[in-house]
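*Asks:* Here you go, one structure.
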Amino acid sequence: MKNSFVAFFDILGFKNLVEKNSHEDLLEIYQESLYESLDLTDKYSNPIYTAISPEQEKDSSSIRIFVISDSIILVQEIFLNNKSDWIFNPINYEVAYPLSESLGVSIYTAQLLLNRGIDNTEDANRFLTIPHQLEMVSWDKQTSKSIGKLFKQAIEAQDLITVHGDYDVDGVTGAALLSQFLKNKGANFNYYLPDRFGDGYGLNPNVVKKLAEQGTKILITADCGISNNDEISLAKSLGIKVIITDHHTLPEILPEADYIFHPGLSEDKSFHILSGVGTAFQLICDIDKMLDSVIENSLDDYVDLAVMGTIADISPLKGINRQIVQFGISKMKNSKRIGFLKLAEKAGIKLDLLTTRDISHKISPRINAAGRMNKAVAALELLLAETEEEAENLAQKLEDLNNQRRELSEKTFKEVEEIIAKEIDLDKEKAIVIAGEDFHHGVIGIICSRVLEKYNRPAFIMAKEGEFSRGSARSNNINLVEALGSAEDILVKFGGHHGAAGWSVRTDDINILKKRILEYAEKALNSDDLAPKVNVEVQIPVDKIDYYLYRELQDLAPFGLKNPEPIIGMKDCLIKDQY
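Residues 27 to 605 in the numbering used here are what the sequence shown spells out, letter by letter.
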């Protein structure tokens with residue numbers, strides 16, 4: 027990798043020169059430099075860069091220009107995995123040209139819209155325009171109305187309502203949203219977030235009993251509960267009314283809750299992409315006007331929480347999720363939430379330039395660190411903090427925990443790499459399944475993501491904790507719930523999504539679990555599925571890249587799942603300098 031480089035180039039007169047060996051590092055460093063130069067942009071009409079020129083074809087190098095979020099980065103193919111398959115998509119002129127004409131954008135931007143399934147002016151304008159207000163249309167107004175009536179009665183009687191969330195960002199923000207809503211409506215409420223190490227995921231029977239002893243009359247979940255049939259039956263037997271708001275995979279037999287508010291129950295599949303906090307946000311939008319407020323507020327006051335959870339849970343950024351994130355980020359640039367402001371300050375985020383990447387790479391890890399390394403309730407309290415002192419103390423606590431998480435993650439990842447090198451035959455095994463005695467359960471999800479990224483195959487990692495072991499999995503090419511379902515008879519419990527899942531299993535059964543997973547992967551995957559791919563969405567001649575195209579590309583944001591940061595190719599260009 028000695029020849030790996032990044033070309034330096036002028037961004038509207040601002041030079042940036044970096045040398046790194048990590049694409050993520052390059053992006054972050056480059057973005058910071060770009061942000062510092064943005065105040066120059068309106069003063070120039072020059073091309074967006076001047077470092078590349080196709081002057082002498084015989085000396086040209088094969089290079090790629092990466093347009094990622096707010097930045098443009100030039101790299102040689104060697105900079106990525108040499109085994110990557112490069113896929114070049116042609117422009118569909120027959121459809122792209124009239125779309126570009128009607129929108130007044132370049133044909134390249136029109137093609138990028140086509141790549142995202144947007145082929146008409148109406149849908150394109152909706153996609154590109156930040157909404158002035160959110161229009162949340164419910165999939166189940168009847169259930170919402172019934173929940174609203176139940177809350178109204180409970181608030182009038184001052185019955186205790188308990189919000190039960192989860193320890194990840196989606197569950198923490200969902201619990202914060204419901205708690206803030208109940209407070210603003212004058213409810214008698216408290217909240218509970220499970221301890222990752224003591225309670226495990228979802229509802230726990232001991233916790234349910236404790237909540238009943240504390241006088242809970244209504245239990246409402248955020249981002250959990252749909253798979254907790256036994257625990258919900260227990261709650262009902264103890265005289266607690268149960269409301270489930272969740273988005274995880276629906277079980278064959280639904281829990282006997284009083285009300286289930288789940289987007290998967292809608293026949294309209296456009297709702298199925300909602301996150302846990304997005305589901306809770308939809309509920310409060312439905313019932314807000316049914317309940318009087320004791321604290322003046324607007325539904326806009328909750329949307330920042332919906333944004334954070336939606337991005338952190340890697341929910342598809344299209345349809346309703348895109349509207350939430352587009353609108354929400356515009357509001358978050360002028361946020362009044364003290365906890366978020368303190369967290370952004372610790373992370374070095376410039377709010378006027380806030381992006382989804384800031385949230386996914388800087389805010390989310392800090393919120394997650396609370397539940398990974400300690401107790402998630404610290405993150406919840408930070409998001410609900412009302413004083414500068416409280417917010418500062420909690421933000422610093424999360425900062426310290428995140429630093430601990432980084433060190434532990436790095437140590438564990440090196441251990442996992444050594445195990446892969448010594449014990450796993452990557453030519454034969456289409457999934458990576460590893461269990462470690464000293465692995466920290468709080469970071470194995472992060473390790474899974476890093477293993478998936480590096481080895482491009484499903485990663486299943488377990489932390490042995492005596493008689494039982496707990497695991498996390500990540501994948502981009504198999505259904506993890508189905509994969510774990512192939513071993514359902516030996517799992518204590520499991521759940522999750524297509525691309526992310528968790529489980530617990532008896533330590534003595536780990537070898538059986540590994541065999542089942544490898545058998546599933548062998549059937550589900552072929553060699554082509556395991557080959558890294560670089561999808562170059564469109565190729566643009568060097569003389570067509572200018573400030574106006576740059577601004578058009580910005581309008582494609584926010585980026586995320588189903589709206590990836592576009593990769594744009596350029597061939598036959600000279601590198602001005604390399605290092």
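All C-beta atoms in this analysis are idealised placements derived from N, C-alpha and C, irrespective of residue type, glycine included.
Since we're looking at a predicted model, the values are computed, not measured.
1. Out of curiosity, what's the CA-to-CA distance linking I78 and E415?
2. So, with DSSP's three-state summary, where would you put A338?
3. Could you tell me which of D515, K315, A202, I286 sits nearest to A332, measuring between CA atoms?
4. First and last residue of the alpha helix (DSSP H) that includes R500?
5. Three Cβ pairs or more, each shorter than 8 Å: is that satisfied between the stretch 423–439 and the stretch 447–460?
6. Where does D192 land, buried or exposed, given buried means 16+ other C-beta within 10 angstroms?
7. If I follow the unbroken alpha helix (DSSP H) through F520, where does it start and stop?
8. Please state the DSSP three-state secondary structure of Q137.
9. Hey, would you say Y227 sits closer than 8 Å to G471, going by beta carbons?
10. For a quick check, are the C-beta atoms of K359 and L325 less than 8 Å apart?
11. Kindly identify the DSSP beta-bridge partner or partners of F486.
12. With DSSP as the reference, label I313 as helix, strand or coil.
13. The beta strand (DSSP E) with R532 in it runs from where to where?
14. By Cβ distance below 6 Å, which residues in the same chain neighbour G586 in space, the five residues on each side in sequence not counted?
15. Would you call the CB atoms of V564 and L138 closer than 8 Å?
16. Distance check for D330 and G12, CA to CA, integer angstroms please.
17. Considering just the uninterrupted stretch of the alpha helix (DSSP H) at F366, what are its terminal residues?
18. Nearest by alpha-carbon distance to R142: which of I593, L219, K588 is it?
19. Three or more C-beta pairs closer than 8 Å, one from the stretch 207–221 and one from the stretch 178–188: is that the case here?
20. Based on DSSP bridge pairs, tell me the residues matched to Q565.
21. Less than 6 Å between C-beta atoms, sequence neighbours within five positions excluded: which residues of the same chain meet that for N210?
22. For my contact list, L176 and K267 are in at a C-beta cut-off of 8 Å; report their separation, rounded to the angstrom.
23. Here's the rule: buried if 16 or more other CB atoms are within 10 angstroms of the residue's CB, otherwise exposed. What is H158?
24. Take the Cβ of A283 as the centre, count every other Cβ of all protein chains shown within 10 Å, and call the residue buried at 16 or more, exposed below.
25. Any idea if K167 is buried or exposed, counting beta-carbon neighbours within 10 angstroms, 16 or more meaning buried?
26. Could you have a look at F177 and say whether DSSP puts it in helix, strand or coil?
27. Do you know offhand how far T533's Cα is from Y576's?
28. In terms of DSSP beta bridges, what is I270 paired with?
29. Assign G511 to one of three DSSP states: helix, strand, or coil.
30. Tell me which residues share the same chain as L427 and place their Cβ nearer than 7 Å to its Cβ, disregarding the 5 neighbours each side in the sequence.
31. Along the alpha helix (DSSP H) that carries T147, what are the first and last residues, could you check?
32. Determine the direct distance from the alpha carbon of A527 to that of L556, and round the result to whole angstroms.
33. Whose C-alpha, out of A457, M488, H523, is nearest the C-alpha of S553?
34. So which of T413, K236, H273 has the shortest CA-CA distance to G265?
35. According to DSSP, simplified to helix, strand and coil, what is T188?
36. For D327, which option in D581, C311, I340, I385 has the closest C-alpha, if you only look at C-alpha atoms?
*Replies:* In short, the structure shows the following:
1. For the purposes of this step, residue 78 is taken as the residue at position 52 of the sequence shown. For the purposes of this step, residue 415 is taken as the residue at position 389 of the sequence shown. In this prediction, I78 has a pLDDT of 34, which is less than 50 and means its spatial position is unreliable; nothing more can be read from the coordinates.
2. Your numbering for residue 338 matches position 312 in the sequence shown. A338: helix per DSSP, three-state reduction.
3. As a working note, residue 332 is residue 306 in the sequence shown. Nearest option by C-alpha distance: A202.
4. For this step, residue 500 is matched to residue 474 along the sequence shown. It is not in any alpha helix (DSSP H) - R500 instead sits in the beta strand (DSSP E) that spans 494–500.
5. no
6. Along the sequence shown, read from residue 1 onward, the residue named residue 192 stands at position 166. The residue in question, D192, is buried, as its Cβ has 16 or more Cβ neighbours within 10 Å.
7. For the purposes of this step, residue 520 is identified with residue 494 of the sequence shown, where counting begins at 1. No alpha helix (DSSP H) holds F520; the beta strand (DSSP E) holding it covers 517–522.
8. Here residue 137 refers to the residue found at position 111 when the sequence shown is read from its first residue. Helix, per DSSP.
9. As a first step, residue 227 is located in the sequence shown; it is residue number 201 there, counting from the start. As a first step, residue 471 is located in the sequence shown; it is residue number 445 there, counting from the start. Contact flag unset, no.
10. Here residue 359 refers to the residue found at position 333 of the sequence shown. Here residue 325 refers to the residue found at position 299 of the sequence shown. Contact: no.
11. In the sequence shown, the residue the question calls residue 486 occupies position 460. Per DSSP, V459, A499.
12. Here residue 313 refers to the residue found at position 287 of the sequence shown. If DSSP states are grouped into helix, strand and coil, I313 belongs with the helices.
13. Position 506 of the sequence shown, counted from the start, is the residue given in the question as residue 532. Taken as a continuous stretch (DSSP letters only), the beta strand (DSSP E) holding R532 covers 526–532.
14. Reading the sequence shown from its first residue, position 560 is the one you call residue 586. Closer than 6 Å at Cβ, skipping near neighbours: L343, T382.
15. Locating residue 564 in the sequence shown gives position 538, counting from the first residue. Locating residue 138 in the sequence shown gives position 112, counting from the first residue. Yes; because the gap between Cβ atoms is below 8 Å, this pair is in contact.
16. As displayed, the chain neither begins before 27 nor continues past 605, which places residue 12 out of reach and without an answer.
17. In the sequence shown, residue 366 corresponds to position 340, counting from 1. It spans 364–373 - the alpha helix (DSSP H) in which F366 sits, taken as one unbroken run.
18. Looking up residue 142 in the sequence shown gives position 116. Closest by alpha carbon: K588.
19. yes
20. As a working note, residue 565 is residue 539 in the sequence shown. Paired residues: G595.
21. As a working note, residue 210 is residue 184 in the sequence shown. Answer for N210: S319, I321, N323, listed in chain order.
22. The sequence position of residue 176 within the sequence shown is 150, counting from 1. The sequence position of residue 267 within the sequence shown is 241, counting from 1. Right, the Cβ-Cβ distance comes to about 7 Å (below 8 Å), so this counts as a contact.
23. Sequence index remark: in the sequence shown, residue 158 carries index 132 (1-based). By the 10 Å Cβ count, H158 comes out exposed.
24. To locate residue 283, count along the sequence shown from 1; it is residue 257. Label assigned to A283: buried.
25. Counting from 1 along the sequence shown, the entry for residue 167 is found at position 141. By the neighbour-count rule (16 or more Cβ atoms within 10 Å), K167 is not buried but exposed.
26. By 1-based counting over the sequence shown, the position of residue 177 is 151. Correct three-state label for F177: helix.
27. Working through the sequence shown from its first residue, we reach residue 533 at position 507. Working through the sequence shown from its first residue, we reach residue 576 at position 550. Each residue's alpha carbon lies about 53 Å from the other.
28. Position 244 of the sequence shown, counted from the start, is the residue given in the question as residue 270. Beta-bridge pairing links I270 to I286.
29. Along the sequence shown, read from residue 1 onward, the residue named residue 511 stands at position 485. The answer is helix: DSSP assigns G511 an H, G or I state.
30. Counting from 1 along the sequence shown, the entry for residue 427 is found at position 401. Closer than 7 Å at Cβ, skipping near neighbours: A395, A396, M399, N400.
31. Along the sequence shown, one-based indexing puts residue 147 at 121. Element bounds for T147: 147–154.
32. Locating residue 556 in the sequence shown gives position 530, counting from the first residue. Locating residue 527 in the sequence shown gives position 501, counting from the first residue. Approximately 20 Å, taken between the alpha carbons.
33. Working through the sequence shown from its first residue, we reach residue 553 at position 527. Of the listed residues, the one whose Cα sits closest to S553 is A457.
34. Residue 265 sits at position 239 when you count from the first residue of the sequence shown. Comparing Cα positions, the closest option is K236.
35. As a working mapping, residue 188 is identified with position 162 in the sequence shown. Strand.
36. Your numbering for residue 327 matches position 301 in the sequence shown. Comparing Cα positions, the closest option is C311.
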